[in-house]
Every structure is written in structure tokens, then in C-alpha cells.
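Chains as they are written, first to last, in our numbering: chain A, 91 to 417; chain B, 368 to 617; chain C, 9 to 313.
By construction, the Cβ of each residue, glycine as well, lies at the ideal position given by its N, Cα and C atoms.
Have a look at this one:
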């Protein structure tokens, strides 16, 4: 078996074993910490779909993360205040049902990603980076200045949303929900990377001229990749909001976009499981360095700088070798 | 007279004061190799781009397989059956050789927006891909990474990818460039037979190859076609000798 | 609304635009000459503001504070360029984004470490306080007017420098062809450091000038940085002229939008709803402007073909 496959399996096994151990040891905080890592991993896997496979350096994925968060926040807020979301032209009520919320989060993020992508993908390179960043900022300022859902104070949801048959307030049960979603998302991305779409998208990243010469349009491939990518990150946003039972404009902030990017880079760009390793490492660093110093971002910055300058393959590059597998 | 597959009707293209293409008319008939020659800077690349897509002529039109394709994108023209190879190898360098030919077969077949089917296990695509590799003699290198191939092998791979598109015509931009004597010779033999599959518009610097292969030759000088004719006609054309071949003799 | 208020807001928009230009000029120069996207530019703005606030607190002199902002920001720029940025010129944009994002984290937290989380205050000097009477009976803040004039002067100086001086010629040559200017015997790494330091000094100077109106605090650089990105995307990356036009456009749109949109909605909505709708839309106005520009000119107003 290849080292990368072993690493993937080990990672997923550890993410299952550690919270179960924490559950046995009655350490709910550690379960919550791991839940954070898993949700961040989903967000990173989403970004990696555009960044790693399509070479689209989006610095605005906080937009989708935040939209997912607000989809949860707004629906649950209306459910908990027993007010309809909208009465005319037809009635829309809030909901506390997780599956419904996820669906809404995915659809809203996908539609937004389609629109943002359609515009941003007219440009390339550094323009694309700045434009995606600017669009995310647009959502950030909008959320800040729109008073209906708390403005800059955000929205608190008192009780975590419902999932049929589970007690979502129990950390280990909520963790399992997130873990299964991560596994499903990884399964999708793993398959997509090997699919006709994945082959063509990867070719577009390497050489657009080649893709055109075989009769395909890079723009369409990019747009679909960006849309899927946004939808996955949006789903992560909904879960993150449910974990904290709180949404605020900081989910849209540019640091968030930067952090999602860090998950991808720390793990290894273009590796299906890379963001999982990256997010886990990020949470580990946050936990350990955060214990050392209140100003742990200084160390995080130094580590990130080191990875970018000297270890570009990320964790996967170090452990599984530099070459990205393509079979 | 057979109907041409490719028909370039009086196209002109200017960049500022520079007339890169001046009222160019040219066609490609089934079964032939039509060579396009001309000194450097004559506007060959500009012409190829207008035929293959990516550059729109200011005037005139490009017809392919009985249809005006002037307004179509590069990708759409490729779908119509233009099999192009590039002057500088243009391949997905991180992919294996086999992946590059499968890419061609997949691009040609369409159905690209599938997310769950493993593309490298698609028997139909693999058959097309392996067949194309066998035709150019690269089957042993199928699992090599493309970046590991020699320069000449990359040129062969370009041709193999074009083959997977089952094109109605080939546009080949200097396929011999940088090949050794042996490689050129082998490729010439291959192209010689290929014209029966689909005609070839061949841009080439290697005069021996052109004279050996071409059914017709067009000479492009300063954005204008100054002569079109058989090998013998071109060899004996005084204007061509002075404008172009004369330079080589000197 | 009175015409006087409108003119006053237009002046505020101009002042904002001029400050954005100081930020955007450095960003666009650095991108044009070195091909580098620098997120840490906002940190240099912050460094300038903190240097000014600390100097003013120690010496009581506003002019010294301004000098300090220039010197410290330029110095920080030189250090950052030689230690980190230099290694990034040949890297792709992703690496540049990440490495400079790492710098932002380090700068922000480092500053919080050194100065704490509470904002510092930089007071404008006595001799620039108060208001002046402009024609048509418009009363306007003397300090803001000074900022406009100083900003315009710096802009003019920058244009002159790039069009007329030796260093400007080298900068333009560097934008066109790096190897050519290396062949001409210009010390390219020195030129890069110089351009970076110049951009840093402009950013730091802007930080100090704005620091006297707003508070000086960690994180003050990021919103300005992102606005400066919007500016150079609108103007066309690499173009100083584009940066100027973009900066004024963004400054005006943002300031006037915040003033006019709520009033506009007030015409047909109840006041509370009009204020919130207007404010929300105003906060998005410049991004919509950017999207509009890109729809027609994907490389910005003054970007290359």
C-alpha cells in the first residue's frame, strides 16, 4: 500500500479513536476541539477542490463559510422566535432540522459561488485572488451593517439543531455527525479527483491550451469546480455555526479565508486528505501554542512562513513524498 | 473536384500598422498534405491561430467541413474535428503519457461533467488511447510521467493526442522541430500514411520533409500567400526562389 | 439635503481617496515592478501609525511623529524585504499570499504584544485643529483639508519621480523587462528593496495621517489594505495612474454612498428601514463598483490588454 493511502487511513482512524477515548475519559472539551478540527477539515477540503485540483487561488472562501453559518443562524433564529422568515409571496418558516439547514446552506453557497465565480473567473492570477477577497469582504460588511440578524454582534442560537434519532447536544453524538459528513465529502472528492471531470480540471490547471485543443472549455470546468468548492465550504459553515450555536460576521472575515487556506497548505495542496491533516495540525498548534502564549498567532505566522518557504508540500509532502499521485 | 475540408476565405488581420495576414485564401482537400512554408515572421503562427481559434480575423472567414467556424472558440473548433499539434509541446506535464491521451479521448467524447466514474478504468477511452499511442510508437511509455519524456517523444505524444480526437483534419505546427534525423524520418513515414485518415495542414521549416511529403505547398511571405502549387511548381517559381528559397541557397 | 453638506461629503470622499492612493500606490508599484502580491502592506500602514503615536507621545511633536512614521515603516519594509519577501519573487501567487499572510499574523500579534490591545491616540496638532472657511461659505476641517493637499502633493511627486527621474526610469524599465535592466547594470536587488521601502514609507505615512483622525490600533491596516486591493483592481494592477483614479473613485463612492443611499431610501421607506437598507447597500457599493468595472474591463481601467 502506498504511504499516502496509509497516512489517509491512519488520519481517519485517529480522528475516530481520539474522541472516543476522550468520551471514555470524560473530556468533553477535547471532543469539541476535535469537532472543530473536523469541521475546519471539511471547509479546507472544499477549498482544496478549487485550489488544489483547479489551481484557483480563492482568497474569499470565508464568504461561503459565513453563508453556511448564516443559513443555519437565520433559519434557527426564526424557529426559536416562532416568526416566519418571509410571508409574501409565499410563507417560509424557520427550522431546527439539521438536514434541512444543510441543504439550504449547500444550495445558497453553491448559487453564490456560481455568481461570484462567473464574475471572478473572467480574470486570472492576482486579479482573481484580490477579487475573491473583495467579494468576501462585501459579505463581511453587509453582515456587519444589516441589523435584522444582529449586525456585528451576531446571532445566538440557544439549543443546537435537531437530527432525527440523535441528541445533538451530546458532544460525541454531534461529533459523529460531523465525522460522517467529512467522510462523505472526502469520498466524493476522492471519486471526483479520479473522474473525467477531475482529469480534465487537473489538465486545465496544468495547461489550458491543451484542454481547449481537446475540445473543452477551461472556464466551465473552473466554474463548476468553484461552485462545488463553495458548496462544501458552506456546509462546513453550517456545522461550525451549530457547534458554537452562534454566528457572527467574523465567519466572513478575511482572516477566516486565510485560515481555510492555511488548512490546505499545512496539509498539502492537491491531496484529497491534505486539508484534514492541515486542520488537525492547526487545531493542535492552536491548542498547544495557545497554552504557551496569548499571542500564539506570532508562532503560527512563523510556522506558516517556514512551511511556505521551506516545506511546500505540507505535511503530506513531508511524509508521503513530494509527487502528487494521479492514478 | 473534391470539396475542401478546410477553406480559408480571404482573411486579413492587422496589429496596429503591421498587416500580419493579408487577404489569405487557402484550402485543404481530403487525402492531401498541404504544406505552409515561409520565412520567420511571415505570419504563420497568426494564420494558424485564426484557423484553430483564439484569434479572430478582421476580414474574411474560416470554413471547416462545410460550416463557417469563424465565430467559434478553440474548443468548439476542436469538437468539430480540428486536430491540432503545437509548435512548442503543450501537454499536461504532471500527467502520465496515458493520461494525456485519455484526456484527448475524453475531451472528444464529451461527457466531462461526470464525478463518480473512474476515468482511467473506462475501457472505451483506454482502447482509443492505447491505439493512438501504438500508432505513434509510444505504447511502451504509457506509464511514464510526461515531464520525463524526451523532446521528440513529446512531439509524438502531441500527435497521439490529436489522433484520439478522430479529427477531420490535422493542423500541425512544425511537428519535426527539434527532432533528430532518425526521429524526423520516422515521423515523416507516419504522416505520409496519416493523410489517408485525414488531410494535414503542415507548417514546417524542414524543406526536405516538405518536398518529400507535400501534395501542395503554399508560400507565405509578409502575411501574403505569394504562391500555391505542387512541389515542382513551387521549386520552379521564380518569385518564391527570390523571396524565400533564394535565402536558403545563399 | 443642503448643497453645502454634499460638498463637505465630497471633500471627505476626496480625503479618503487620497489616503487610499498612498496605500494603493505602493501595492501597485510593488506588483508592477516585482510581480509580488503583498498582504503585509496593511501591516506597514499600522507600523507607521504606531511609530507616529509613540513618537508623538514621547516628544509632543506632530511633525517628528510624521517623520518617524516614514522612517519606521521604510525601515520595517527594508527588513521584511531582505529577510522574507526577496525569497518570494520567483514563487507563485499562492506562496506570496500565504507568506505575506503569515507576516500579517506576526506583525499584528507582535504589535499587540508590544503595545497591548487598547487603542493609542495620536492627536492632531494645535495648529491644524479647527476649521477653515472655503469659498461659498463652506466650513471644513483644517486637518482634513491638509491631508488632501499633502496627499495630492505626494501623488504629484510620485508621478514626477516615475516620469522624470533616474530611479523612475529604472522602475518603469523593471516593469517591462527585468532581465533588460539587469543587463544595463542596475543592481536589481537594490532597486527592489528601494521600491519596497518606498511603498512601505507611503503606507506608513498614510497610517500616521489617518491615525490622527481615527484611533491607532492593531488590525487597523486590514480594512484599508482590502480597499487598496479594490482600488488597484479597478485601476488596473501595476498602473500608478489607475491607482490614483481608482482611489478617488472608491473614496468618493464609499463616502457619498454612506451619506446619500440612506437619504435616497428615506424618500420612500420609513426612516429606520431606510437607514439600515441604505447603510447595508452603501457598505457593498464599492464592491459592486468593482464588479461593474470588471464586467467590462477584466484588467481594470488602466490595465494592459
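| Could one say the Cβ of residue 313/C lies closer than 7 Å to chain A's Cβ atoms, at least one of them? | For residue 313/C, the predicted structure reports a pLDDT of 44, less than 50, and the residue's modelled location is therefore unreliable. A value from the coordinates is still provided. Judged by the 7 Å Cβ criterion, residue 313/C is not in contact with chain A.
| field | Assigned secondary structure, residue 426/B (DSSP; H/G/I helix, E/B strand, else coil) | value | strand
| task | Go to residue 263/C, then tell me how far its alpha helix (DSSP H) extends in each direction, as first and last residue. | result | 248–274
| query | Closest Cβ-Cβ distance between residue 49/C and chain A: below 7 Å? | reply | no
| request: Would you check if the distance between the CB atom of residue 140/A and the CB atom of residue 331/A is smaller than 7 Å? | output: no
| said: Could you check whether the Cβ of residue 203/A sits closer than 7 Å to any Cβ belonging to chain B? | reply: no
| Minimum C-alpha distance to residue 456/B - residue among 443/B, 430/B and 513/B | 513/B
| Along chain A, in chain order, which residues have C-beta atoms closer than 9 Å to that of residue 475/B? | 304 and 305
| So what does DSSP say about residue 371/B, is it helix, strand or coil? | coil
| query | Which one or two residues does DSSP pair with residue 594/B in a beta bridge? | reply | 586/B
| request: With 7 Å as the threshold, decide whether the Cβ of residue 232/A is near any Cβ in chain C. | output: yes
| said: Distance check for residue 378/A and residue 370/A, CA to CA, integer angstroms please. | reply: 12 Å
| query | Is there contact between the stretch 10–18 of chain C and the stretch 208–228 of chain C, where contact requires at least three CB pairs shorter than 8 Å? | reply | no
| field | Cβ distance (whole Å) where residue 233/A is taken to contact residue 167/A below 8 Å | value | That pair is no contact at about 14 Å.
| request: Name, going along the chain, the residues of the stretch 435–462 of chain B whose beta-carbon falls closer than 8 Å to a beta-carbon of chain A. | output: 440, 441, 442, 443, 445, 446, 451, 453, 457, 458, 459, 460, 461 and 462
| said: Quick check on residue 249/A: buried or exposed, where buried means 16 or more other Cβ atoms within 10 Å of its Cβ? | reply: exposed
| said: Are the CB atoms of residue 41/C and residue 179/C within a distance shorter than 7 Å? | reply: yes
| query | Is there a Cβ from chain C that is less than 7 Å from the Cβ of residue 189/A? | reply | no
| query | Mapping DSSP to helix, strand and coil, what is residue 434/B? | reply | strand
| field | Closest by C-alpha distance to residue 117/C, when choosing among 225/C, 252/C and 258/C | value | 225/C
| said: Suppose contacts are defined by Cβ-Cβ distances below 7 Å. Is residue 428/B in contact with residue 440/B by that definition? | reply: no
| said: 7 Å is my cut-off, CB to CB: does residue 287/A come that close to chain B? | reply: yes
| said: Using a Cβ-Cβ cutoff of 7 Å, what residues of the stretch 136–157 of chain A are near chain C? List them in chain order. | reply: 147 and 149
| Exposed unless 16 or more other CB atoms sit within 10 angstroms - verdict on residue 111/A | exposed
| task | Hey, could you find the ends of the alpha helix (DSSP H) residue 117/C is sitting in? | result | 101–123
| request: Grab me the residues of residue 421/B's own chain with a C-beta within less than 6 Å of its C-beta, minus the 5 sequence neighbours each way, in chain order. | output: 441
| Closer than 7 Å to chain A by CB, residue 470/B | yes
| Contacts around residue 205/C, its chain only, beta-carbon distance under 6 Å, and the 5 residues preceding and following it disregarded | 82, 85 and 86
| task | Leaving out five residues on either side along the sequence, give the residues of the same chain with a beta carbon under 7 Å from the beta carbon of residue 541/B. | result | 454, 570, 571 and 572
| field | Completely contained alpha helix (DSSP H) runs for the stretch 116–167 of chain A, where each covers 4 or more residues | value | 118–144
| query | Is the Cβ-Cβ distance between residue 417/B and residue 372/B less than 7 Å? | reply | no
| At which residues does the beta strand (DSSP E) containing residue 147/C begin and terminate? | 146–149
| DSSP state of residue 379/B, grouped into three classes? | strand
| Nearest neighbour of residue 444/A, chosen from 120/C, 45/C and 29/C [CA to CA] | Shown here, chain A extends from 91 to 417; a query on residue 444/A therefore has no answer.
| Excluding the five sequence neighbours on either side, which residues of its own chain have a C-beta within less than 8 Å of the C-beta of residue 38/C, listed in chain order? | 44, 46, 49, 203, 204 and 207
| request: Can you pull the chain B residues whose beta carbon is under 8 Å from the beta carbon of residue 282/A, in chain order? | output: 482 and 483
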